[in-house]
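In full-length UniProt numbering, the protein residues as written are 1 to 168.
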C-alpha cells in the first residue's frame, strides 16, 4: 500500500467521521477540550498505523481506538495523582522540575503498561517485592507458590522494566 493512498483514506475518514467522533467523545467525556484532544489523537494514531485503506467500518474502528486512548488518559491521570500524593506525603520537601516530573510520570505509565501485559500473578509478585519489600521466599509463602515461580515472574517483570528504562 502506498503512502498517498493511506493518507487519502485517513483524510476521507476524517472528513466523513470527525464531527461524529468528536460529538460521541463529548458525550462520553463531558468535556469539549478533552473530546477534541482524544479525537485528534485518534486520527494521529490511525495516520501512524498505515492501514487506513483496510478500514471497513470507520465508526466502529474510530470508537475502538478512541476508547483505548480514553483508558490510557484515565490510567495516566490516576498514576499522576498517585505520584503527586506520594510526593506530598514525603516528610521533607522535594523540589522536582516540571521536566523531571513529566519524565517520572512517563516512566511510571510505561512501567504500569508493561506490568499490565504480564498478568495478574506477575504483577502481584512484582508489587509485593518492589512496593511491600517482601523477600522472594516471603512472597512464595504468601501466595502459596514455589520460589522458582516467584523468581520466574520477577525475571519477566524486571526484564520488562529494564527494556522500558533502556528506551528512556
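Note that the Cβ used here is the ideal one computed from N, Cα and C, for glycine as well.
Subject >> residue 83 versus residue 114: straight-line alpha-carbon distance, rounded >> reply: 18 Å
Subject >> Given residue 142 as reference, the closest of 30, 121, 12 once Cα atoms are compared >> reply: 121
Subject >> Reference residue 100, options 89, 25, 80, 118, closest by Cα >> reply: 80
Original post:
Can you name, in chain order, every residue of its own chain whose Cβ lies under 7 Å from the Cβ of residue 76, other than the five neighbours on each side?
Top reply: 109
**OP:** For residue 1, I'd like the list of residues in its chain whose CB is within less than 6 Å of its CB, leaving aside the five on either flank, ordered along the chain.
**Re:** Unreliable positioning characterises residue 1 in this predicted model, as indicated by a pLDDT of 46, which lies under 50. The coordinate reading is nonetheless provided below. Counting only Cβ-Cβ distances below 6 Å, and skipping sequence neighbours, we find 53.
Original post:
Whole alpha helix (DSSP H) runs in the UniProt domain "RNA polymerase sigma-70 region 2" (13 to 78) with 4 or more residues, listed along the chain?
Top reply: 32 to 49
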